[in-house]
Ligand code: GLY
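Residue numbers (my numbering): 613 to 896.
Written out as structure tokens, the structure is:
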């Protein structure tokens, strides 16, 4: 099985994001009622997130237009899984989200990635259920992602091991975990998160370091390895999760960038959800 070069993990040249439509606040899917979504606030959160990626970190941002008939389309992570030059277009678990793939597929083709489609109508996969560690994939089996979806992912990325992890009480696997460095898994403290971590540890022949944070939602971070800056971690803001941020502050080798996400989180949006990260080695 392959292993990405440690120096490649987290490298990124381009980012695809998508604007938030007016329908977002009323119609975006949500697991629980977490209060009214402030549309202007959600747009401000996305704008600041994009500004960090583009202006602070120097990435090329492709911003797709919103479409009122697709209230959840801002969560582009769910519709593609990208590794190196290959992009697997998913078949999202929520039928209302299936049309989101078209615009993203076109954008990824325009970036000259090798686009692979998930045509099997028995498969479902949301990118939010896919954790790539640099050496293997963990795929959450959730309300959105099934075994067939995981099998098709394994076919698309044949060089890497793929293990499945049951997800309970959360929308996606990455609702409570993410990577913070090539060998470092950030994990929430809930019973469900800890159980999933145990499964991942049992399935893997590699021993990962872990960073446990008190809040599941804060365990979803965006890790990047940026030339001239090194390890960069976008994490939830101290106003939102002060105790978890104290844990991140122990990462002395990282550039830490707090990013507020509380309006997007009302409809189950995490920090990784709003971007597709692409590393074009031969940048056109
Ligand atoms: N609101 C994000 C999703 O349910 O897919």
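Think of the CB as a built atom: it goes at the ideal place given N, C-alpha and C, for glycine as much as any other residue. In this text the structure is predicted, and so the values were computed from the model without any measurement.
Residue i CB to nearest heavy atom of the ligand GLY below 7 Å
i           : result
residue 658 : no
residue 865 : no
residue 706 : yes
residue 720 : no
residue 703 : no
residue 732 : no
residue 880 : yes
residue 700 : no
residue 654 : no
residue 783 : yes
residue 584 : Because residue 584 is not part of the residues shown, which for the chain are 613 to 896, the question remains open.
residue 848 : no
residue 642 : yes
Proximity to residue i [Cα-Cα], best of the options
i           : options            : result
residue 817 : 697, 773, 779      : 773
residue 881 : 742, 693, 784      : 784
residue 657 : 840, 873, 887      : 873
residue 721 : 747, 731, 694      : 694
residue 703 : 684, 627, 735, 749 : 735
residue 668 : 726, 690, 745, 841 : 841
residue 630 : 778, 662, 824, 623 : 662
residue 680 : 691, 632, 687, 891 : 632
residue 725 : 660, 864, 692      : 692
residue 811 : 782, 793, 775, 801 : 775
residue 733 : 706, 740, 717      : 706
residue 674 : 886, 893, 852      : 886
residue 711 : 723, 687, 627      : 687
residue 862 : 884, 871, 893, 792 : 792
residue 698 : 871, 767, 684      : 767
residue 790 : 837, 832, 860      : 832
residue 897 : 796, 806, 808      : With the chain represented from 613 up to 896, any question about residue 897 goes unanswered, as that position is not in the structure.
residue 883 : 654, 638, 716      : 654
Neighbour-count burial assignment, residue i, 16 or more Cβ in a 10 Å radius
i           : result
residue 765 : buried
residue 856 : buried
residue 670 : exposed
residue 678 : buried
residue 731 : exposed
residue 747 : buried
residue 803 : exposed
residue 878 : buried
residue 607 : Nothing can be reported for residue 607, as the shown portion of the chain is limited to 613 through 896.
residue 665 : buried
residue 690 : buried
Proximity test, residue i beta-carbon vs the ligand ATP heavy atom, cut-off 7 Å
i           : result
residue 774 : No copy of the ligand ATP occurs in the structure displayed; its ligands are the ligand GLY alone.
Interface flag, residue i vs chain C, CB-CB below 8 Å
i           : result
residue 670 : The structure shown contains no chain C; it is built from a single protein chain.
**Request:** Run through the segment 728 to 779 for me and flag every whole beta strand (DSSP E) of 3 or more residues, listed as ranges in chain order.
**Result:** 742 to 744, 748 to 753, 773 to 778
**Cβ contact (3+ pairs, closer than 8 Å) linking the segment 811 to 825 and the segment 629 to 645** = no
**Prompt:** Is the segment 749 to 762 in contact with the segment 822 to 838, if contact means three or more CB pairs nearer than 8 Å?
**Reply:** no
**Item:** Whole runs of the alpha helix (DSSP H) within the segment 643 to 676, excluding any shorter than 4 residues
**Value:** 651 to 663
**Request:** Would you mind listing the alpha helix (DSSP H) stretches within the segment 814 to 892 that are 4+ residues and don't spill past its ends, in chain order?
**Result:** 854 to 860, 874 to 877
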